[in-house]
Every structure is written in C-alpha cells, then in structure tokens.
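My numbering applies: residue 350 is where the sequence shown begins, and numbers increase by one.
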Amino acid sequence: MSNPFYYGGRVEPDQFVGRQSELRRIFAALEIAHTGQMQSVSVVGPRRIGKSSLLWYVTRRYDNYLQDASKYRFVYIDLQNARCHTLTGLLGEITSQLGVRDRIGHQPLVAFQNAITALRHDGFLPVICLDEFEELVERQTAFPVDVYDSWRSLMNQHALAFITASKMPLPDLAQAGKYTSAFFNVFTSIRLGELTDSEARQLIARGARCDHPFTPREQENLLRLAGGHPYKLQLAGSLLYLAKAQGGPVRWSRLRRDFDRQCEHAGLATPWRKTMGAHLTAALSWLVITLPTWLGRAVHEVVLRLKKDDVSQTTAWMCGAVLLIVSIGLLFGLITINLDEMLQLIERIRGNP
C-alpha cells in the first residue's frame with residue numbers, strides 16, 4: 350500500500366473513518382420507518398474538521414443505514430461550484446442529480462417545487478446535501494428570502510429534507526444576512542468536533558499496514574502531535590510516511606516543523622499556550638535522555654576507543670548523565686578536580702600504564 354493518508358480535501362467513502370455517533374444521529378433524523386417524516390440536519394463545525402467528507406459519505410453510503418434505502422434520492426452539492434452561484438444553476442444541478450428531465454426555466458422556484466412534489470408523489474424521498482452553506486447567504490441577490498421560504502414549504506409537506514454543512518449555526522447565518530425565513534430554525538443541529546480517541550487510533554493505524562509500516566511508538570507520537578483533529582492526523586501520518594520512505598531514521602524535529610508550518614498555512618496553527626506542554630516534554634526528553642546518551646557514546650567511542658556495539662544504550666546514558674552532572678558542578682564551582690589525575694585515570698582505563 351502506498352501513502353494511506355490524504356489531507357487535500359474530502360476523503361472518499363472507502364477511506365472514511367469514524368463519526369459513528371454523528372452518522373447515527375443523521376440517519377435517525379432521515380429514517381421514516383417510525384414517523385413517516387424526514388427531519389433536516391445542520392452540521393456545524395470549524396474549517397477542515399471533516400464536514401465535506403461526512404456529507405459525501407452520507408450521500409454514498411446511505412443504503413447501509415436506512416431501512417428502505419431504495420426510496421431515497423441523495424444529492425451532494427458543493428456550493429463553491431461556480432455553476433451553483435445562480436438560482437437557476439443551483440436548482441438545475443439538484444434536479445439533474447435527482448434524475449429529473451425537465452429543465453429549470455423562467456420560473457425556477459415553481460419548476461423546482463413541481464419537480465420535487467412529483468418525485469414525492471412517486472414515492473421517492475429527496476435529500477439535498479448542501480456543503481459550504483455560507484456561499485448561499487453571501488449571495489443575497491441571487492438567493493433572496495423567497496428561496497428559503499419555498500424550501501421551507503416543501504419541508505412542511507415532507508417532500509424533501511436538507512443536510513447542510515457550515516462553520517456557523519444556521520440561525521447565526523440568518524441573523525448575519527438579515528433573513529427572516531423560518532427555514533433557518535427547523536434543523537436538528539449537530540456539532541462536529543475532533544475524532545474520539547478510538548477513531549483517531551483507527552485512522553493512524555493505517556500506517557501499520559502500508560509499505561513503510563509505522564511502529565506502535567511512532568503511532569503514539571503522531572497521536573500526541575495531532576490530537577484528534579482529522580486533518581492534522583492525516584497530515585501527520587502523511588509526513589511520517591514520506592519521511593520513512595526516504596530511508597534512515599525519522600528526524601522528528603524536522604517532521605514537527607513541517608507539521609506546524611503546514612498547519613499554519615491551513616489556518617490551523619495551535620496557540621503556544623496549548624502546545625507548551627508538548628514543547629516542554631520534548632525539551633526535557635532531549636536534556637534527560639538524548640544529550641546524556643550522546644555524551645556517553647562520545648566518551649566510550651572517542652576517548653576510551655570502544656566499539657559502538659560494545660556499549661549498551663543504558664551504559665552510554667549512565668556515563669553521559671554522570672559526565673553532564675560533573676560538568677554542571679564544575680561550571681558552578683560545586684566540584685573541583687585535578688586535571689592531571691583525571692588524565693592519568695583515563696590512561697589507566699584505556700590500558701596504558
């Protein structure tokens with residue numbers, strides 16, 4: 350398997366991980382087996398938290414969750430698509446994906462209502478997934494309040510349901526755009542946050558099955574670095590894969606710098622106060638483990654002329670730790686030493702009389 354991590358946009362359903370709680374809530378709202386009615390859903394979360402991937406997964410895997418899935422007709426619309434920046438273009442794209450042959454003409458709202466009503470009369474249940482919903486609110490000339498009132502009327506008739514994705518709750522968007530339509534107040538709201546610990550581990554575990562497999566310790570390092578944020582997990586996993594593909598030991602300091610830089614470019618830079626613990630841990634690890642081990646190996650291999658394989662990691666660390674403590678004591682005048690006696694001791698250790 351090549352690089353199993355992807356952070357450039359929405360992920361395909363086969364690569365989708367987690368969100369089981371959110372999926373259960375979404376499909377419970379859409380299930381008509383008990384009430385005969387669909388409830389619209391608003392997915393709200395910060396940028397790059399996985400809203401697009403969730404909506405895309407819903408439109409492609411709904412048959413795994415709904416009891417009578419053959420009745421449903423799902424549509425996914427990316428509202429950043431230029432073709433959807435006019436009312437005729439948007440409604441035409443929706444009806445096209447629904448399989449409606451009639452074109453949206455001079456009265457687009459009337460034509461759209463007729464098309465949806467006809468589908469419902471035939472026993473179908475249209476579900477319209479609108480990603481990047483802010484795009485509509487920002488284009489008030491193209492999408493006036495009449496659009497939302499028309500959609501609200503169809504929702505009242507149980508003719509269709511919407512699933513929207515946005516960074517702000519729909520009532521807040523309506524207030525910002527000064528919309529008065531009741532459309533914005535009838536959604537079940539789902540907050541999308543970071544993955545659970547088990548979901549994050551499931552995502553990172555992909556690295557254990559690729560052609561440059563991640564060790565358990567490397568997986569733990571990635572989890573500490575990225576937390577439960579899906580974009581950061583994908584980014585961290587990809588960076589580690591690329592580092593391991595180059596051969597040789599992984600330079601974690603470089604990987605962390607690349608990770609921080611790309612997070613900053615993506616608008617996901619973590620405030621220093623939230624990363625202070627990780628930085629302090631890394632600094633202490635270098636001071637307490639890495640530096641003494643390096644000093645100990647230098648003494649054994651350069652001064653005592655021992656082979657690297659003859660010196661264990663523990664021995665090197667103990668020697669380096671003693672040397673580091675003595676050096677600090679000398680620096681602050683806590684320890685005094687006779688240089689001639691020290692040189693004679695080293696010669697005796699090396700076997701010279």
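All C-beta atoms, glycine included, are put in the ideal place defined by N, C-alpha and C.
**Asked** Between the C-alpha atoms of Thr-462 and Ile-426, what's the straight-line distance to the nearest angstrom?
**Response** Numbered from 1 along the sequence shown, position 113 holds the residue referred to as residue 462. Numbered from 1 along the sequence shown, position 77 holds the residue referred to as residue 426. Here residue 462 turns out to be Gln, not Thr, going by the sequence shown. Approximately 18 Å between the Cα atoms of the pair.
**Prompt:** Are the beta-carbon atoms of Gln-429 and Glu-484 separated by less than 8 Å?
**Reply:** As a first step, residue 429 must be located in the sequence shown, where it is residue number 80. As a first step, residue 484 must be located in the sequence shown, where it is residue number 135. One thing to note: Gln-429 has its Cβ within 8 Å of the Cβ of Glu-484.
**Bounding residues of the beta strand (DSSP E) (the contiguous stretch that carries Phe-511)** = Within the sequence shown, numbered from 1, the residue matching residue 511 stands at position 162. Residue range 510–515 is occupied by the beta strand (DSSP E) that includes Phe-511.
**Request:** Locate the beta strand (DSSP E) running through Leu-474, then write down its first and last residues.
**Result:** By one-based count along the sequence shown, residue 474 stands at place 125. Going by DSSP, Leu-474 is part of the beta strand (DSSP E) stretching over 474–480.
**Item:** Contacting residues, own chain, Cβ-Cβ under 7 Å from Trp-621 (five flanking each side not counted)
**Value:** Mapped onto the sequence shown, residue 621 falls at position 272. Model confidence at Trp-621 stands at a pLDDT of 48, short of 50, so the residue's coordinates are unreliable and nothing is read from them.
**Message:** Going by beta-carbon coordinates alone, are Leu-458 and Arg-422 separated by less than 8 Å?
**Reply:** Start at 1 with the first residue of the sequence shown, and residue 458 comes out as number 109. Start at 1 with the first residue of the sequence shown, and residue 422 comes out as number 73. No, they are not a contact pair.
**Asked** Hey, quick one: how far does the alpha helix (DSSP H) through Asp-607 stretch, first residue to last?
**Response** As a working note, residue 607 is residue 258 in the sequence shown. Taken as a continuous stretch (DSSP letters only), the alpha helix (DSSP H) holding Asp-607 covers 601–614.
**Prompt:** What is the C-beta distance between Ile-453 and Val-476, in whole angstroms, given that I count them as a contact (C-beta under 8 Å)?
**Reply:** Within the sequence shown, numbered from 1, the residue matching residue 453 stands at position 104. Within the sequence shown, numbered from 1, the residue matching residue 476 stands at position 127. Incorrect: roughly 19 Å between the Cβ atoms, too far for contact.
**Asked** Mind checking whether Pro-579 and Ile-398 have CB atoms under 8 Å apart?
**Response** Position 230 of the sequence shown holds residue 579. Position 49 of the sequence shown holds residue 398. Yes, these two residues count as a Cβ contact at 8 Å.
**Message:** Here's a check: name, in chain order, each residue in its chain whose Cβ is nearer than 6 Å to the Cβ of Gly-438, leaving out the five neighbours to either side.
**Reply:** If you number the sequence shown from 1, residue 438 lands on position 89. Leaving aside the five residues that flank Gly-438 on each side, the residues in its chain whose CB is nearer than 6 Å to its CB run, in chain order, Arg-432.
**Message:** Per the DSSP calculation, Val-392 is bridged to which residue(s)?
**Reply:** For the purposes of this step, residue 392 is taken as residue 43 along the sequence shown, with counting starting at 1. Val-392 pairs with Ala-514 and Ile-539.
**Asked** What is the rounded straight-line gap between the Cα of Arg-409 and the Cα of Pro-362?
**Response** In the sequence shown, counting from the first residue as 1, residue 409 sits at position 60. In the sequence shown, counting from the first residue as 1, residue 362 sits at position 13. In a straight line, the C-alpha of Arg-409 is about 7 Å away from that of Pro-362.
**Message:** Quick check on this structure: which residue in Gly-576, Tyr-528 and Val-535 has the alpha carbon closest to the alpha carbon of Thr-545?
**Reply:** Looking up residue 545 in the sequence shown gives position 196. Of the candidates Gly-576, Tyr-528 and Val-535, the one whose C-alpha sits nearest the C-alpha of Thr-545 is Gly-576.
**Message:** Give me the DSSP bridge partner(s) of Val-424.
**Reply:** Start at 1 with the first residue of the sequence shown, and residue 424 comes out as number 75. As a beta-bridge residue in DSSP terms, Val-424 pairs with Ile-477.
**Distance, Val-486 Cα to Leu-589 Cα** = Here residue 589 refers to the residue found at position 240 of the sequence shown. Here residue 486 refers to the residue found at position 137 of the sequence shown. Here the C-alpha atom of Leu-589 lies approximately 40 Å from the C-alpha atom of Val-486.
**Message:** Which residue marks the beginning of the alpha helix (DSSP H) containing Lys-527, and which one marks its end?
**Reply:** As a working mapping, residue 527 is identified with position 178 in the sequence shown. Per DSSP, Lys-527 belongs to no alpha helix (DSSP H) and is neither H nor E.
**Request:** State buried or exposed for Ser-502, treating a residue as buried only when at least 16 other CB atoms are found within 10 Å of its CB.
**Result:** Locating residue 502 in the sequence shown gives position 153, counting from the first residue. Of the residues assessed, Ser-502 falls on the exposed side of the cut-off, its CB having fewer than 16 other CB atoms within 10 angstroms.
**Asked** If you follow the alpha helix (DSSP H) that Asn-505 is part of, which residue opens it and which one closes it?
**Response** Counted from its first residue, the sequence shown places residue 505 at position 156. Secondary structure note for Asn-505: its alpha helix (DSSP H) is the uninterrupted segment 494–505.
**Item:** Spatially closest choice to Tyr-414 from Phe-376, Ser-389, Arg-368 and Leu-403, by CA coordinates
**Value:** Position 65 of the sequence shown, counted from the start, is the residue given in the question as residue 414. If we check each option's Cα against that of Tyr-414, Phe-376 comes out closest.
**Cα-Cα separation, Trp-405 to Arg-359** = Counting from 1 along the sequence shown, the entry for residue 405 is found at position 56. Counting from 1 along the sequence shown, the entry for residue 359 is found at position 10. When rounded, the distance between both Cα atoms is 8 Å.
**Request:** Specify the secondary structure class of Met-667 as computed by DSSP and reduced to three states.
**Result:** In the sequence shown, counting from the first residue as 1, residue 667 sits at position 318. It is helical.
**Tyr-414 in three-state terms, based on DSSP** = Stepping through the sequence shown from its first residue, residue 414 is reached at position 65. Correct three-state label for Tyr-414: coil.
**Asked** Anyone know if the C-beta pair for Ala-514 and Glu-548 falls short of 8 Å?
**Response** Here residue 514 refers to the residue found at position 165 of the sequence shown. Here residue 548 refers to the residue found at position 199 of the sequence shown. No, the Cβ-Cβ distance between Ala-514 and Glu-548 is not below 8 Å.
**Item:** Proximity below 8 Å, CB of Gln-611 to CB of Leu-591
**Value:** Indexing the sequence shown from 1 puts residue 611 at position 262. Indexing the sequence shown from 1 puts residue 591 at position 242. With a cutoff of 8 Å on beta-carbon distance, Gln-611 and Leu-591 are scored as not near each other.
**Request:** For Gly-669, I'd like the list of residues in its chain whose CB is within less than 6 Å of its CB, leaving aside the five on either flank, ordered along the chain.
**Result:** Translated into the one-based positions of the sequence shown, residue 669 becomes position 320. Only residues of its own chain outside the window of five on either side were considered, and among them Pro-641, Thr-642, Leu-644 and Gly-645 have a CB closer than 6 Å to the CB of Gly-669, listed in chain order.
**Item:** Candidates Thr-537, Val-494, Val-535 and Asp-498: closest to Lys-527 by CA position
**Value:** As a first step, residue 527 must be located in the sequence shown, where it is residue number 178. A check of alpha carbon separations from Lys-527 across Thr-537, Val-494, Val-535 and Asp-498 identifies Val-494 as the nearest.
**Message:** Let me confirm a value: Gly-586 is counted as buried when at least 16 other C-beta atoms fall within 10 Å, else exposed. Which label applies?
**Reply:** As a first step, residue 586 is located in the sequence shown; it is residue number 237 there, counting from the start. Per the 10 Å Cβ criterion, buried.
**Item:** Range of the contiguous alpha helix (DSSP H) that encloses Phe-461
**Value:** As a working note, residue 461 is residue 112 in the sequence shown. That run of the alpha helix (DSSP H) goes 457–470.
**Request:** Would you mind giving the Cβ-Cβ distance between Pro-562 and Ser-538, rounded to the nearest angstrom? I have them listed as a contact below 8 Å.
**Result:** As a first step, residue 562 is located in the sequence shown; it is residue number 213 there, counting from the start. As a first step, residue 538 is located in the sequence shown; it is residue number 189 there, counting from the start. Contact doesn't hold; Cβ gap of about 41 Å is too wide.
**Request:** Express the C-alpha separation of His-507 and Gln-386 in angstroms, rounding to a whole number.
**Result:** Position 37 of the sequence shown, counted from the first residue, corresponds to residue 386. Position 158 of the sequence shown, counted from the first residue, corresponds to residue 507. About 6 Å.
**Prompt:** Of all the options Lys-581, Arg-605 and Leu-679, which has the alpha carbon lying nearest to the alpha carbon of Ala-615?
**Reply:** Position 266 of the sequence shown holds residue 615. Considering only alpha carbons, the answer is Lys-581.
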